[in-house]
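What follows is a short report on a single structure.
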Amino acid sequence: MLCIKNGIVVDGINPEPYKADILVDGKEIIEIASEISTVADVTIDAAGKCVLPGFVDAHCHLREPGYEYKEDIGSGTRSAAAGGFTSIACMPNTHPAVDNAALVNFIKMRALEERAAKVYPIAAVTKGLKGEELTEMWELKKAGAVALSDDGKPIMNAGIMRLALQYARGFDMLIISHCEDLQLTGDGVMNEGYMSTVLGVKGITRAAEEVMVARDIILAETLKTPVHIAHVSTRGSVELIRQAKKRGVKVTCETAPHYFSAADEWVDGYDADTKVNPPLRTADDVEAIIEGLKDGTIDIIATDHAPHHRDEKEVEYSLAASGISGFETAFSLAYTHLVEPGVISLHQLVEKMSTRPADILNIDGGRLQVGKTADITVVDPAKEYTVDVSQFHSKGKNSPFHGRTLKGKVVHTIVDGRVVMENEKILV
Amino acid sequence: MALKRKDLLGIRGLSRDEIDEILNTAELMKYILIQDHKRTPHLQGRSIVTLFYENSTRTRLSFELASKYMSASMANVTAGSSSVAKGECLIDTGKTIESMGVDVVVIRHPVSGAPHILAKHVTASVINAGDGINEHPTQALLDMFTIRQKKGTINNLVVAIIGDILHSRVARSNIWGLTTMGAEVRVAGPATLMPPDIEDMGVKVFYNVDEALKGADVVMGLRLQKERQMKGLLPSIREYTRLYCINKERMLLARKDALIMHPGPINRGVEISSDIAEGEQSTINEQVTNGVAVRMALLYLLTRRNKDAVY
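In the order they appear, the protein sequences are chains A and B. Residue numbering for the first sequence follows the working numbering, beginning at 314 and increasing consecutively. Residue numbering for the second sequence follows the working numbering, beginning at 91 and increasing consecutively.
Structure, rendered in structure tokens:
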């Protein structure tokens with residue numbers, strides 16, 4: 314048995330945090346009470362810390378199979394655990410792409426070998442992520458895929474997207490849409506605006522994202538079927554989704570920590586660690602993302618953890634790979650930029666990082682409750698530290714937040730009742 | 091403040107004093123160029139390499155002659171004829187060159203920011219000879235040098251830059267430099283070739299070239315790449331020429347003594363008419379001469395051992 318004592322519990326259900334001990338037996342939470350006297354085999358003292366339901370990431374890239382030099386399921390899950398994530402859903406843009414049941418099974422099998430975090434595969438919407446033919450969605454679901462996405466690539470053909478939404482609906486499979494009109498993106502590599510003009514870098518108009526957000530909202534609305542919009546980054550997208558939700562469209566969406574923590578000024582100096590897709594937008598967009606998180610337009614925070622090798626980043630800006638290694642800074646960025654300034658409460662952050670992502674993916678987790686699986690993350694909200702990518706467990710050291718001071722740090726992570734990180738040390 | 095930088099990556103961020111120092115030094119260098127014996131010891135023992143990932147005639151040759159007139163050892167590397175073609179990355183190439191004892195690397199690259207990346211990874215001085223659509227600082231310096239020689243000052247002059255502003259590193263460098271030196275800068279061109287929010291760089295935007303030319307002291311044409319039309323940014327070269335070509339008739343709108351400048355190579359009859367390019371007001375050939383003087387000045391200033399010394 315494992316007992317987490319003296320912590321402030323933010324359970325994902327009660328808006329008010331409370332002081333309580335949590336007793337775990339095997340994989341299960343068996344008691345939550347103000348003072349538990351049962352003697353446990355392992356005790357974690359969480360005095361001064363907050364005890365949260367383990368974070369659930371609805372969007373990450375583990376790169377296995379095919380790109381193990383960037384990340385593999387071992388390093389990726391250890392990185393997730395270090396960031397307080399107990400369940401993660403990985404995107405299918407591996408090599409080969411996860412567009413068949415055999416690969417879904419491969420990822421599940423590899424995750425069971427590693428055991429640092431639970432891995433839920435997201436499978437492709439179209440064969441080979443080509444945007445042309447639908448995958449065998451029923452078989453993918455049966456194999457264990459929790460959602461479908463061609464993430465990394467948009468489904469440019471609106472007819473195919475409509476068919477996908479229709480067909481997936483038959484099996485309650487959620488489609489996660491990477492919204493980007495490639496014709497509008499052109500050869501742009503950063504946000505289009507004053508900074509792209511100043512830096513002489515080809516810009517990507519916000520319209521590239523917004524046009525497709527609008528398209529997918531309209532498709533979902535006419536079909537009365539759900540759609541989930543990945544990595545929302547612009548004011549216009551937030552407003553489109555806000556209006557759609559008011560009309561009752563079954564649209565949900567996520568943003569990533571870098572879209573509320575960084576802006577296009579960061580590209581000055583041409584450091585490719587600032588290159589990500591969609592690109593870092595303007596301060597005005599950052600403000601809109603924060604408003605969207607506050608008013609609930611943006612349902613969840615997902616990392617879009619996208620590890621890359623140094624050699625793919627230490628190159629000319631337009632030749633560099635897009636993406637940010639995000640697991641290990643996600644909570645700290647959210648705490649620093651959202652909770653500490655009072656934009657949202659810690660309970661609301663838990664909703665966005667644990668409860669709602671679990672609900673949207675329809676997977677276990679997201680709440681601390683007797684009888685529930687013991688996926689638990691303990692954070693120290695008072696701890697300030699400087700981000701050092703050399704300390705990342707991820708193989709991907711590509712973070713524009715290196716050297717920044719953040720507040721709030723994950724200290725313990727418990728997956729299925731097993732302590733996988735204790736005092737910031739990964740044990741698996 | 092005198093120029094104490096390791097690198098010259100762009101005009102952006104240069105102070106008025108720094109630009110003045112470069113232009114003042116170039117005056118002295120130009121004097122060397124008109125001698126029969128064009129040889130000075132300023133760069134004796136120094137080693138300079140040009141690393142060009144894009145074709146160039148005048149810029150590369152200008153740097154080469156500038157180096158040789160000042161007695162430097164110099165070599166040219168072009169992307170096609172080196173290990174770059176075998177897939178070596180920029181930083182490795184830079185370190186390889188540096189390891190051969192090179193003091194200055196002059197780089198031209200199709201990607202914006204490439205010289206900045208190189209400069210971060212080598213201890214040699216890096217001079218940007220044109221990066222993507224970002225900057226071409228030595229071109230802007232020679233343009234400013236030419237304007238200053240002809241007009242005495244840059245302050246308060248009206249400079250109209252006409253053409254494909256979006257893809258022009260010459261325009262961007264000149265905007266930074268000319269606004270720093272106190273000129274009123276106007277940019278004119280088709281809206282599809284105008285960068286967003288460029289007004290915030292301190293220039294006036296015109297879509298009507300005639301408006302931009304009114305009362306201008308300097309008219310600067312830019313090369314129109316034919317591929318812009320293929321990419322659909324322009325309906326036809328014909329319409330572009332009718333709307334934006336700098337010709338005799340349009341030049342009547344500028345001041346009588348207005349300078350006509352162009353970084354070259356020119357598309358005769360596209361962005362500038364032949365008679366205007368060769369006319370009395372044209373400084374196109376003198377710009378080329380001044381380019382050597384400015385590059386001599388820069389190579390000298392960046393390699394001075396004692397950067398506090400006043401030339």
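Where is the CB? At the ideal position from N, CA and C, for every residue including glycine. These figures come from a predicted structure and were not determined experimentally.
Would you mind stating whether A:A633 and A:K626 have Cβ atoms separated by less than 8 Å? Annotated as proximal: A:A633 and A:K626, with beta-carbon spacing under 8 Å.
Can you tell me whether A:K463 is helix, strand or coil according to DSSP? The question names Lys, but residue 463 of chain A in the sequence shown is Asp. The answer is coil: DSSP assigns A:D463 none of H, G, I, E or B.
From B:I197, B:S163, B:L104, B:P205, pick the residue whose C-alpha is nearest to that of B:M190; which is it? Considering only B:I197, B:S163, B:L104, B:P205, the residue with the shortest C-alpha distance to B:M190 is B:S163.
How big is the Cα-Cα spacing for A:I435 and B:E154? Using only the alpha carbons, I get a separation of about 56 Å.
Taking the runs of the alpha helix (DSSP H) that are 4 residues or longer, which of them lie wholly in the segment 176-248 of chain B? Within the segment 176-248 of chain B, the complete alpha helix (DSSP H) runs of at least 4 residues are 180-189, 204-211, 227-241.
Interface residues of the segment 499-526 of chain A facing chain B [CB-CB below 8 Å]: When C-beta distances to chain B are compared with 8 Å, the residues of the segment 499-526 of chain A below that value are E505, G506, Y507, S509, T510, V511, L512, G513, V514, K515, G516, in chain order.
Using the rule of at least 16 other Cβ atoms within 10 Å of the residue's Cβ for burial, across every protein chain shown, is B:Q377 buried or exposed? Under this definition B:Q377 is a buried residue.
Give the residues of chain A in contact with B:C179, contact being defined as C-beta atoms less than 8 Å apart. Correct list: D624, E627, V628.
Entirely enclosed beta strand (DSSP E) segments - the segment 359-400 of chain A, minimum 3 residues: Runs of the beta strand (DSSP E) inside the segment 359-400 of chain A: 363-366, 368-373.
Mind checking the segment 561-588 of chain A against chain B and listing, in chain order, the residues whose C-beta falls within less than 7 Å of any C-beta there? Hits within the stretch, in order: G582, Y583.
May I ask you to list, following chain order, the residues of the segment 631-642 of chain A that have a beta carbon less than 8 Å from some beta carbon of chain B? Residues of the segment 631-642 of chain A whose Cβ lies closer than 8 Å to any Cβ of chain B, in chain order: S631, L632.
Here's a check: name, in chain order, each residue in its chain whose Cβ is nearer than 7 Å to the Cβ of A:G325, leaving out the five neighbours to either side. If you ignore the 5 residues before and after A:G325, its C-beta comes within less than 7 Å of the C-beta of P366, V663, E664, S667, T668, G679, R680, L681, all in its own chain and listed in chain order.
When you compare each of A:A615, A:G609, A:L336, A:T565 to A:F368 by their alpha carbons, which one comes out closest? Scanning A:A615, A:G609, A:L336, A:T565 for the CA closest to the CA of A:F368 turns up A:A615.
Decide if A:K515 is buried, meaning its Cβ has at least 16 other Cβ atoms within 10 Å, or exposed. Buried, since its Cβ has 16 or more Cβ neighbours within 10 Å.
Can you give the Cα-Cα distance for B:M91 and B:D107, rounded to whole angstroms? The predicted model places B:M91 with a pLDDT of 47, which falls under 50 and marks its position as unreliable, so this point remains unresolved.
Between the alpha carbons of A:M450 and A:M486, how many angstroms are there, rounded? Using only the alpha carbons, I get a separation of about 8 Å.
Does B:E225 get closer than 8 Å to chain A when you measure Cβ to Cβ? Chain A contact via Cβ: present.
Along the segment 285-299 of chain B, where does the CB come closer than 8 Å to a CB of chain A? Name the residues. Only those residues of the segment 285-299 of chain B whose C-beta falls short of 8 Å from the nearest C-beta of chain A are listed: P285, P286, D287, I288, D290, M291.
Do the CB positions of A:T547 and A:I517 come within less than 8 Å of each other? Cβ atoms of A:T547 and A:I517: not closer than 8 Å.
Could you pull the start and end residues of the alpha helix (DSSP H) that A:L534 belongs to? For the sequence presented, residue 534 of chain A should be read as Glu rather than Leu. Unbroken alpha helix (DSSP H) run through A:E534: 520-536.
Please state if the CB of B:V309 and the CB of B:A348 are separated by a distance shorter than 8 Å. Contact flag set, yes.
Should B:Y121 be labelled buried (16 or more other beta-carbon atoms within 10 Å of its own) or exposed? With fewer than 16 Cβ atoms within 10 Å of its Cβ, B:Y121 is classed as exposed.
Helix or strand or just coil, what does DSSP make of A:I317? A:I317 falls in the strand class under three-state DSSP.
Alpha carbon to alpha carbon, how far is B:A273 from B:L247? Cα to Cα, the separation comes out at about 5 Å.
Within the present structure, is the beta-carbon of A:L487 separated from the nearest heavy atom of the ligand ATP by less than 7 Å? Within the structure as shown, the ligand ATP is missing, as the structure has no ligands at all.
Determine which residues share a DSSP beta bridge with B:S137 and list them. According to DSSP, B:S137 bridges with B:S163.
Which residues, in chain order, does the segment 248-275 of chain B contribute to contact with chain A at a C-beta distance below 8 Å? Of all residues in the segment 248-275 of chain B, R259, R262 have a Cβ within less than 8 Å of some Cβ in chain A.
Go ahead and pull the three-state DSSP assignment for A:M469. Reduced to three states, the DSSP call for A:M469 is coil.
Listed by chain order, chain A residues near B:G222 by CB distance under 7 Å: Chain A residues near B:G222: G513.
Please give the ranges of any alpha helix (DSSP H) in the segment 569-653 of chain A, keeping only runs that are unbroken, at least 4 residues long and fully inside the region. With a minimum length of 4 residues, the continuous alpha helix (DSSP H) runs that stay inside the segment 569-653 of chain A are 571-574, 596-608, 623-626, 640-647.
Hey, A:D529 and A:C492: beta-carbon distance below 8 Å or not? The answer is yes: Cβ separation under 8 Å.
From the DSSP output, in three-state form, read off B:V299 for me. Under the three-state reduction of DSSP, B:V299 is assigned to helix.
DSSP-derived helix/strand/coil call for A:I357: A:I357 falls in the strand class under three-state DSSP.
Between B:Q239, B:F142, B:I252, which lies nearest to B:V216 when the distance is taken from Cα to Cα? Residue nearest to B:V216 within the set B:Q239, B:F142, B:I252 is B:F142 (criterion: CA-CA distance).
DSSP three-state label for A:H660, please. Secondary structure of A:H660 (DSSP, three-state): helix.
Can you check whether the CB of B:L208 is closer than 8 Å to the CB of B:L180? At the C-beta level, B:L180 and B:L208 come within 8 Å of one another.
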